[in-house]
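Peer 1: Numbering (my numbering), first residue to last: 6 to 262. The C-beta atom is built at its ideal place from N, Cα and C for all residues, glycine as well. I have a structure here, written as structure tokens, and I will follow up with some questions on it.
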């Protein structure tokens with residue numbers, strides 16, 4: 006038996022999506038735009054089952070997800086220590102902050118010609134573009150988080166006789182975990198937004214390639230499908246990270262349910 010609270014929660018989750026589908030359908034039949042320019046949800050659903058049945062869509066989703074996760078993993082591995090250095094050492098921040106903000110402002114798509122020259126058109130080039138997007142977005146989040154850690158925790162630890170290494174392991178790292186997870190969430194959003202640009206580099210598979218190939222043949226239902234898949238996978242990854250944060254960082258008052 007479904008409880009009333011579970012029913013209300015499920016209804017609250019479904020209502021926004023139902024509203025989007027209803028508005029989407031109304032736009033198609035309203036006459037405000039040509040019906041051929043806005044495929045119906047039913048048409049997109051039919052195309053979804055077609056591509057799912059022939060195995061091409063799962064492959065595209067898997068390849069794009071792998072590229073995104075690789076870019077985010079590499080970006081995080083470098084962004085976390087870089088953010089620590091920028092937030093912990095004022096001299097490093099003074100020196101590197103202008104460079105970080107300069108490169109952060111450059112759109113990854115503008116670097117594609119150089120990436121092709123230096124890395125070719127293979128998988129490495131695509132990952133490099135995604136790594137670039139992940140790294141600079143993650144560095145900013147990490148720096149802001151580290152710089153906001155109250156020095157009172159460090160002073161208390163020193164008063165209790167903790168060494169610099171113990172302070173780092175037992176004070177700085179635990180207090181930084183929420184910022185690391187936030188950085189990963191931000192990186193995921195930025196990297197998924199950059200995916201289509203990265204797959205401009207001679208990609209044969211992937212959701213970005215699916216969208217680009219569909220645009221060449223004016224297959225709007227496929228374009229809609231590719232966009233929806235990107236959004237849903239990105240949403241699933243973000244929800245997973247939020248659950249991890251709630252489970253492992255519930256002792257942090259700043260982690261909300």
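Write down the C-beta distance between residue 3 and residue 144 rounded to the nearest angstrom, noting that I regard them as a contact closer than 8 Å.
Peer 2: The question about residue 3 has no answer, for the chain in this structure spans 6 to 262.
Peer 1: Using only alpha-carbon positions, find the residue among 163, 187, 178 and 70 that is nearest to residue 135.
Peer 2: When 163, 187, 178 and 70 are compared, the shortest CA-CA separation from residue 135 is found for 70.
Peer 1: Would you kindly work out how many angstroms separate the C-alpha atoms of residue 194 and residue 235, rounded to a whole number?
Peer 2: 10 Å
Peer 1: Using a Cβ distance threshold of 8 Å, determine whether the stretch 210-227 contacts the stretch 107-115, with at least three qualifying pairs required.
Peer 2: With the rule of 3 Cβ pairs closer than 8 Å, the stretch 210-227 does not count as touching the stretch 107-115.
Peer 1: Rounded to a whole number of angstroms, what is the C-alpha to C-alpha distance between residue 171 and residue 180?
Peer 2: 13 Å
Peer 1: Tell me the DSSP secondary structure of residue 44 in three-state form.
Peer 2: coil
Peer 1: Classify residue 236 as helix, strand or coil using the three-state DSSP reduction.
Peer 2: In the displayed model, residue 236 falls within a helix according to three-state DSSP.
Peer 1: Tell me whether residue 253 is buried or exposed, calling it buried when 16 or more other Cβ atoms sit within 10 Å of its Cβ.
Peer 2: Exposed, since its Cβ has fewer than 16 Cβ neighbours within 10 Å.
Peer 1: How big is the Cα-Cα spacing for residue 182 and residue 87?
Peer 2: Taking the Cα positions, residue 182 is about 15 Å away from residue 87.
Peer 1: What is the DSSP secondary structure of residue 150, reduced to helix, strand or coil?
Peer 2: helix
Peer 1: What's the call for residue 115, buried or exposed, on a 16-neighbour Cβ count within 10 Å?
Peer 2: exposed
Peer 1: Which term fits residue 57, buried or exposed, when burial requires 16 or more other beta carbons within 10 angstroms of its beta carbon?
Peer 2: exposed
Peer 1: With 16 other CB atoms within 10 Å as the buried threshold, where does residue 142 fall?
Peer 2: buried
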